[in-house]
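Residue numbers (the numbering used here): 365 to 792.
The next block holds one structure in the form of structure tokens; read it before the comments.
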DNA sequence: TCTGGGGTCCTAGGACCC
DNA sequence: TCTGGGGTCCTAGGACCC
């Protein structure tokens with residue numbers, strides 16, 4: 365049996381944990397650059413004129429009218445709260461697969477007692493008690509069914525209290541008949557459209573299609589889902605996260621940029637960020653991909669986008685070498701005269717640091733490892749980007765993303781800790 | 001004025017090898 | 001009339017996830 369634990373409206377819930385004054389009130393969290401709504405709590409979802417993924421500038425009036433509490437995204441904070449939740453889940457099973465920032469699968473085979481619902485409720489209660497975050501728990505024989513159970517748990521939260529177990533054939537059939545085909549985990553827009561066109565509207569109807577049809581039109585991926593819905597496990601619990609195949613970042617600028625100098629600085633800064641992640645997992649990169657594009661939504665701006673992948677002479681995790689290569693790549697795709705909206709970098713061909721193939725003509729610079737370690741130690745101790753390459757420049761204000769409403773980073777900054785005021789000592 | 005970011009996996013087709 | 005068979009590697013594109 366597998367349990368799926370999923371935090372309710374995770375980002376919005378995080379913002380509410382240390383703000384009791386917001387409990388029961390609508391809260392939304394915005395994407396980077398304060399672009400669109402990417403998370404909304406139950407109260408905000410109830411306001412039908414505030415759809416998810418809607419650009420903020422289009423719904424500013426509605427947000428104001430409903431007195432919605434709006435936050436910029438605060439990933440340092442969400443990441444740390446996620447860590448707390450995942451740590452608690454390890455108390456319930458030795459096998460935990462952290463699937464995303466707000467959900468985990470845990471293997472409860474042989475652990476879950478006769479009363480599976482009570483066990484699931486215990487998970488929910490402990491996470492809430494230790495972190496203040498509400499979660500839903502779905503339990504079933506396969507991951508795809510656990511996902512379905514979780515959806516039922518949340519949909520009928522009043523009756524079920526956000527916990528649901530599919531442990532009998534009757535319950536499985538009932539769940540599948542209720543679940544719309546487009547809501548099956550792994551069936552997206554395209555496949556849902558095709559399935560509906562042949563009269564398949566529910567998960568149950570999907571399971572009644574032939575294996576051959578599913579394989580032909582939805583590849584082996586679809587077939588696995590089909591099996592899982594039929595109660596045959598095909599997706600295992602992936603305890604050890606696979607090493608990443610690429611580490612990238614790409615963020616929109618706060619305003620459009622034409623100047624190559626500024627784009628170079630942003631690019632160098634992004635490289636510094638991803639190189640730090642690379643070193644943290646003790647790897648080196650063999651290729652760098654750099655891409656650049658204008659604002660695709662703008663009708664009046666001329667459009668241009670390009671991307672290039674270059675091979676490094678030697679796989680490396682040296683920020684300075686990576687920046688030098690990325691800059692060369694950027695020069696090859698930059699064309700003057702456009703208003704650029706975004707530059708992105710991606711490190712590829714990731715290999716363990718100890719297996720890097722040397723290059724006779726590009727000897728490793730002396731003391732590079734020591735220098736990078738010093739970089740990372742200082743930045744860990746004194747805060748992000750306290751030490752950086754001069755190639756990142758000092759004009760970050762000109763390109764960095766907009767975050768007007770970011771809340772405190774309660775759990776990762778000493779000067780932003782939550783403060784509790786008592787009645788006797790009013791705030792100074 | 002203003003429209004997110006970071007990933008995974010699979011397939012088909014082309015280039016190439018012997 | 002008829003033009004092999006068995007591979008690998010790479011890339012682009014499509015589909016999906018949170």
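From the three backbone atoms N, C-alpha and C, an ideal C-beta is built for every residue, glycine too.
All values derive from a computational prediction rather than experimental measurement.
Asked, Found
"Within 7 angstroms, strictly: CB atoms of residue 312 and residue 500", "Nothing can be reported for residue 312: it is not among the residues displayed for the chain, which extend from 365 to 792."
"Within the region 388–473, ranges of the alpha helix (DSSP H) (whole runs, at least 4 residues)", "406–409, 424–429 and 439–453"
"C-beta contact flag for residue 545 and residue 517 at 7 angstroms", "no"
"Cβ neighbours of residue 611 in the same chain (closer than 8 angstroms, five flanking residues each side left out)", "638, 641, 642, 649, 710, 711 and 714"
"Residue 614 - containing beta strand (DSSP E), residue span", "610–621"
"Contact test: residue 556 Cβ vs the ligand NAP heavy atom, cutoff 6 angstroms", "As far as ligands go, the structure on display features none, and thus does not contain the ligand NAP."
"Sequence-distant residues of its chain with Cβ nearer than 6 angstroms to residue 626 (five each side left out)", "762 and 763"
"Cα-Cα separation, residue 495 to residue 387", "15 angstroms"
"Any 3 or more C-beta pairs closer than 8 angstroms across the region 411–421 and the region 381–401", "yes"
"Bounding residues of the beta strand (DSSP E) (the contiguous stretch that carries residue 657)", "647–658"
"Local Cβ density within 10 Å of residue 786, reported as buried at 16 or more and exposed below that", "exposed"
"Pairwise C-alpha distance: residue 739 and residue 507", "41 angstroms"
"Residue environment, residue 586, which counts as buried when at least 16 other CB atoms sit within 10 Å", "buried"
"Neighbour-count burial assignment, residue 590, 16 or more Cβ in a 10 Å radius", "buried"
"Option nearest residue 526 by Cα separation, candidates 535, 537, 630 and 513", "513"
"Of the residues 685, 629, 704 and 661, the one placed nearest residue 621, counting alpha carbons only", "704"
"Cβ contact check for the region 442–455 and the region 373–383: 3 or more pairs under 8 angstroms", "yes"
"The region 433–440 touching the region 570–585, judged by at least three CB pairs closer than 8 angstroms", "no"
"Residue 672 - DSSP class collapsed to helix/strand/coil", "strand"
"7 angstroms Cβ cutoff met for residue 634 and residue 613", "yes"
"Where the alpha helix (DSSP H) through residue 539 begins and ends", "533–542"
"Beta-carbon proximity check, residue 772 vs residue 723, cutoff 7 angstroms", "no"
"For residue 453 and residue 661, the rounded distance between their alpha carbons", "42 angstroms"
"Option in 597, 629, 645 and 365 with minimal Cα separation from residue 607", "645"
"Separation of residue 382 from residue 365, as counted between CA atoms", "35 angstroms"
"Reference residue 469, options 702, 477, 409 and 458, closest by Cα", "458"
"For residue 369, the residue or residues it bridges with in DSSP", "468 and 501"
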